[in-house]
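Participant:
2 protein chains.
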Amino acid sequence: MTRVVALSGGVGGARLVRGLARVLPPERLTVVVNTGDDFEHWGLLICPDLDTVTYTLAGLSHEEQGWGLAGESFHALAAMRRLGQEDWFALGDADLATHLARTQAWRRGEPLHAITAALAAQLGVGPRLLPMSDEPCPTRVVTEAHGVLSFQQWLVRHRAPAVREILIPAPPPPAPGLLEALADAELVLVGPSNPYVSIDPILSRPGVRQQLAGKPVLALSPLVGGAAVKGPLAEMMLALTGAPASQEALVAHYGGLLTGLALPAGERCEAPLALLPTDTLMRNAADSERLARELLRFAERAS
Amino acid sequence: MTRVVALSGGVGGARLVRGLARVLPPERLTVVVNTGDDFEHWGLLICPDLDTVTYTLAGLSHEEQGWGLAGESFHALAAMRRLGQEDWFALGDADLATHLARTQAWRRGEPLHAITAALAAQLGVGPRLLPMSDEPCPTRVVTEAHGVLSFQQWLVRHRAPAVREILIPAPPPPAPGLLEALADAELVLVGPSNPYVSIDPILSRPGVRQQLAGKPVLALSPLVGGAAVKGPLAEMMLALTGAPASQEALVAHYGGLLTGLALPAGERCEAPLALLPTDTLMRNAADSERLARELLRFAERAS
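Protein chains in written order, with this note's numbering: chain Z, 45 to 347; chain A, 45 to 347.
Right, here's the structure in full:
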């Protein structure tokens, strides 16, 4: 079985990883997760993408929504509102436990990769989850309307206003083991995540792009018919490139990194790389598993 | 109207204070609350007695239980258990909001008395609530079975094992405004709280006993028929004094501080101070109000 590293943001990446986890033995799969969206809220360290991947792999996530826990309640949020506290980011009651446990360990000085591994193990997650870095590397979004915003302020508080630029801090190094996992990988899969704010932060960790050079790197496109399956990617591509979102623009954005692309059947991509036309939507775990199998077969054919 | 300072632990003190708040204008009542039980749990600063008094005055407390919020849920606790975290102290979901808001302000460097005032104001509490100190002054309990325990470890985790000694840290000064409130008070009321672990910590703040000298100080006895209305006071008195719990032992413990005592009708107390025999049980807000009125009248007669 192939040794796979998957690069993931939140919901889309988590859904692909769920399929990979059903097909690959756990020791063959490492998931590298964007932490550029991480932020402190209510005094707690929140890692939205890590939690989405963890909950999804643990079978605990809210199926339709894609993020958060199934059957979640929001009594703490209501009480925070009563106390005049910030209520623009909806943390659920059970979800709070994750942030409390993580923040406590983090304040004790435990590194994020160890905290992430411990939480995942407690929830019965098999594959290795790695935050892209142990250090904070907050992605910032430059907007016309509100100036420079942290990612969650941009996405959740201000509901994704028009973007002029994405700022990703260069220095913090990748988490321990990340470069080794990439060196060891026989296949790298890029989740159907937003390339600008979910995958670029991972690729910006020092040493990561170098490790990927020469590897088979397949991406599952987040675009269907020129729009994102989820989130404001199409608007972002238009604003940042001046051209409408397209499979070619996606491939071009990755700058020669990709060796193959899975895209919706019937869509065209003129870029010079291997193509896998298929149904790219993952409505449920069976879809995720089907796509994971197709991508692994595609990788075998393409190599 | 008399200017009153009430000294309070948790449930019993909160119930008396609820009555006082119905009888006195808010600006005439200051409640000084024990913080010797405060501790950190799940990385949050928990102040059980402050919260009990705040919730009770806000009309939000769980009526039968006396502490915690009415209609509370425990989804975060269940999720903490799933994550292998400590689950011996049951923090409710809505209650968590209080601890999150307080801890966040506290880590920013705000003093506890200001945080307490802000939380109380948000919940519509009129009278001034003062923690006995802005600094941590953790009460410790020396036990045969488990050595030295923090208060909540002793009470909740180990379910109040036999006590050999109570250790109250002497140095931390009273909260700003506390000595002034006592100096200004025309009447001091001691709630029906445990004298050893709820009232002694307040009395141990430097300067407090001096301010009380010469003032009318009336206590509502926590004892009914030689047992505590709530909690392990009788066992503690027996263990620490070698004699069964009694009204005389209670008065003696306060060492000349009290000028009057409200005790259950029909009970005797040979100590040389004014007595108010009455129904001391506070089953509901009406009982609290009746007792508050009786104590204020008793104070007028006794002066």
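Think of the CB as a built atom: it goes at the ideal place given N, C-alpha and C, for glycine as much as any other residue.
Computed from a predicted model, the values in this text were never measured in an experiment.
Would you be able to state if there are at least three C-beta pairs under 8 Å between the region 325-341 of chain Z and the region 231-248 of chain A?
Facilitator: Touching, no.
Participant: With respect to the alpha helix (DSSP H) encompassing residue 245 of chain Z, which residues constitute its N-terminal and C-terminal limits?
Facilitator: As a position in the first sequence, residue 245 of chain Z is number 201, starting the count at 1. Counting along the chain, the alpha helix (DSSP H) containing residue 245 of chain Z begins and ends at 244-247.
Participant: So with CB distances below 9 Å, who are the chain A contacts of residue 160 of chain Z?
Facilitator: Position 116 of the first sequence, counted from the start, is the residue given in the question as residue 160 of chain Z. Chain A residues near residue 160 of chain Z: none, gap ~12 Å exceeds 9 Å.
Participant: Have a look at residue 187 of chain Z and residue 147 of chain Z and give me their C-alpha separation to the nearest angstrom.
Facilitator: Taking the first residue of the first sequence as position 1, residue 187 of chain Z is located at position 143. Taking the first residue of the first sequence as position 1, residue 147 of chain Z is located at position 103. Between residue 187 of chain Z and residue 147 of chain Z, the C-alpha separation is close to 30 Å.
Participant: Taking 8 Å as the limit between beta carbons, can you name the residues of its chain near residue 180 of chain Z, skipping five residues before and five after?
Facilitator: In the first sequence, residue 180 of chain Z corresponds to position 136, counting from 1. Correct list, in chain order: 79, 82 and 216.
Participant: Given a limit of 9 Å on CB to CB distance, which residues of the region 129-143 of chain A reach chain Z?
Facilitator: Listed in sequence order: 129, 136, 137, 138, 139, 140, 141 and 142.
Participant: Taking only runs that begin and end inside the region 189-271 of chain Z, name each unbroken beta strand (DSSP E) of 3 or more residues, in chain order.
Facilitator: 191-194, 207-211, 231-234 and 261-264, all fully within the region 189-271 of chain Z.
Participant: Which of the three DSSP states is assigned to residue 63 of chain A in this structure?
Facilitator: Along the second sequence, one-based indexing puts residue 63 of chain A at 19. Reduced to three states, the DSSP call for residue 63 of chain A is helix.
Participant: Given that a residue counts as buried once 16 or more other Cβ atoms are within 10 Å of its Cβ, and exposed if not, what is residue 132 of chain Z?
Facilitator: For this step, residue 132 of chain Z is matched to residue 88 along the first sequence. When all chains shown are included, residue 132 of chain Z counts as exposed.
Participant: Give me whichever residues DSSP pairs with residue 308 of chain A in a beta bridge.
Facilitator: Working through the second sequence from its first residue, we reach residue 308 of chain A at position 264. In the DSSP output, where bridge partners are listed per residue, residue 308 of chain A has A:322.
Participant: Give a yes or no on whether the C-beta atoms belonging to residue 264 of chain A and residue 310 of chain A are separated by under 8 Å.
Facilitator: The count along the second sequence starts at 1 and reaches residue 264 of chain A at position 220. The count along the second sequence starts at 1 and reaches residue 310 of chain A at position 266. The answer is no: Cβ separation not under 8 Å.
Participant: Using a beta-carbon distance below 8 Å, is residue 86 of chain Z in contact with chain A?
Facilitator: Along the first sequence, one-based indexing puts residue 86 of chain Z at 42. Closer than 8 Å to some Cβ of chain A, the Cβ of residue 86 of chain Z qualifies, so yes.
Participant: Kindly list the residues whose CB is nearer than 7 Å to the CB of residue 272 of chain A, restricted to its own chain and excluding five residues on each side of it in sequence; keep chain order.
Facilitator: In the second sequence, counting from the first residue as 1, residue 272 of chain A sits at position 228. Same-chain partners within the cutoff: 266 and 278.
Participant: So is residue 257 of chain Z buried or exposed if we call it buried at 16+ other beta carbons inside 10 Å?
Facilitator: Locating residue 257 of chain Z in the first sequence gives position 213, counting from the first residue. Burial call: exposed.
Participant: Could you name the residues of chain Z that residue 151 of chain A contacts, counting a contact when the two beta carbons are closer than 7 Å?
Facilitator: As a working mapping, residue 151 of chain A is identified with position 107 in the second sequence. 87, listed in chain order.
Participant: Return the chain-ordered ranges of every alpha helix (DSSP H) run that is complete within the region 101-176 of chain Z and spans a minimum of 4 residues.
Facilitator: Here the runs fully enclosed are 119-126, 137-151 and 156-166.
Participant: In the region 108-121 of chain Z, which residues sit with their C-beta less than 7 Å from some C-beta in chain A, listed in chain order?
Facilitator: Listed by position along the chain: 117, 119 and 120.
Participant: Can you list, in chain order, the residues of its chain whose CB lies under 8 Å from that of residue 114 of chain Z, leaving out five sequence neighbours each side?
Facilitator: The residue labelled residue 114 of chain Z in the question sits at position 70 within the first sequence. These residues qualify, in order along the chain: 104, 105, 106 and 107.
Participant: Along the chain, where does the beta strand (DSSP E) that runs through residue 339 of chain A open and close?
Facilitator: Within the second sequence, numbered from 1, the residue matching residue 339 of chain A stands at position 295. Unbroken run through residue 339 of chain A is the alpha helix (DSSP H), 329-346; no beta strand (DSSP E).
Participant: Would you give the residue range spanned by the alpha helix (DSSP H) that residue 284 of chain A belongs to?
Facilitator: One-based indexing of the second sequence puts residue 284 of chain A at position 240. Note, residue 284 of chain A: alpha helix (DSSP H), 277-285.
Participant: What is the rounded straight-line gap between the Cα of residue 142 of chain Z and the Cα of residue 85 of chain Z?
Facilitator: Here residue 142 of chain Z refers to the residue found at position 98 of the first sequence. Here residue 85 of chain Z refers to the residue found at position 41 of the first sequence. So the two alpha carbons sit approximately 13 Å from each other.
Participant: Could you say which of A:237, A:254 and A:315 lies nearest to residue 227 of chain A if we only look at CA atoms?
Facilitator: Against the second sequence, residue 227 of chain A aligns to sequence position 183. Minimum Cα distance to residue 227 of chain A is reached at A:254.
Participant: With a cut-off of 8 Å, does the C-beta of residue 337 of chain Z fall near any C-beta of chain C?
Facilitator: Of the protein chains in this structure, namely Z and A, none is chain C.
Participant: State buried or exposed for residue 119 of chain Z, treating a residue as buried only when at least 16 other CB atoms are found within 10 Å of its CB.
Facilitator: Working through the first sequence from its first residue, we reach residue 119 of chain Z at position 75. Residue 119 of chain Z is buried by the Cβ-count criterion.
Participant: What residues in its chain sit with their C-beta under 6 Å from that of residue 192 of chain Z, if we drop five residues either side in the sequence?
Facilitator: By one-based count along the first sequence, residue 192 of chain Z stands at place 148. Hits under 6 Å: 184 and 186.
Participant: So is residue 197 of chain Z in contact with chain A if we call contact Cβ pairs under 8 Å?
Facilitator: Residue mapping note: residue 197 of chain Z aligns to position 153 of the first sequence, counting from 1. Chain A, which has no Cβ nearer than 8 Å to the Cβ of residue 197 of chain Z, makes this no.
Participant: Just how far apart, CA to CA, sit residue 125 of chain A and residue 71 of chain Z?
Facilitator: The sequence position of residue 125 of chain A within the second sequence is 81, counting from 1. The sequence position of residue 71 of chain Z within the first sequence is 27, counting from 1. Approximately 27 Å between the Cα atoms of the pair.
Participant: Kindly identify the DSSP beta-bridge partner or partners of residue 74 of chain A.
Facilitator: Working through the second sequence from its first residue, we reach residue 74 of chain A at position 30. Residue 74 of chain A pairs with A:49 and A:172.
Participant: Given that a residue counts as buried once 16 or more other Cβ atoms are within 10 Å of its Cβ, and exposed if not, what is residue 128 of chain A?
Facilitator: Working through the second sequence from its first residue, we reach residue 128 of chain A at position 84. Answer is exposed; the Cβ neighbour count stays below 16.
Participant: Report yes if the C-beta distance between residue 100 of chain A and residue 230 of chain A is below 8 Å; otherwise report no.
Facilitator: Taking the second sequence and counting its residues from 1, the one referred to as residue 100 of chain A is at position 56. Taking the second sequence and counting its residues from 1, the one referred to as residue 230 of chain A is at position 186. Cβ atoms of residue 100 of chain A and residue 230 of chain A: not closer than 8 Å.
Participant: Looking only at DSSP bridge pairs, what is residue 85 of chain Z linked to?
Facilitator: Counted from its first residue, the first sequence places residue 85 of chain Z at position 41. DSSP output for residue 85 of chain Z lists Z:88 as bridge partner(s).
Participant: Could you confirm whether any beta carbon from chain Z is found closer than 8 Å to the beta carbon of residue 164 of chain A?
Facilitator: Residue numbering aside, residue 164 of chain A sits at position 120 when the second sequence is read from its first letter. Not one chain Z Cβ lies under 8 Å of residue 164 of chain A.
Participant: Along the chain, where does the alpha helix (DSSP H) that runs through residue 273 of chain Z open and close?
Facilitator: Here residue 273 of chain Z corresponds to residue number 229 of the first sequence, with the count starting at 1. No alpha helix (DSSP H) holds residue 273 of chain Z; DSSP gives it neither H nor E.
Participant: Give the interface partners of residue 283 of chain A over in chain Z, defined as CB-CB distance under 7 Å, in chain order.
Facilitator: Taking the first residue of the second sequence as position 1, residue 283 of chain A is located at position 239. Ordered by position in chain Z, no residue passes the 7 Å Cβ test against residue 283 of chain A, which lies about 35 Å from the chain.
Participant: Name the chain A residues that come within less than 8 Å of residue 147 of chain Z, Cβ to Cβ?
Facilitator: Against the first sequence, residue 147 of chain Z aligns to sequence position 103. Under the 8 Å cutoff, chain A gives 87.
Participant: Is there a C-beta anywhere in chain A that falls below 8 Å from the one on residue 398 of chain Z?
Facilitator: Residue coverage of chain Z in this structure runs from 45 to 347, which leaves residue 398 of chain Z outside it and unanswerable.
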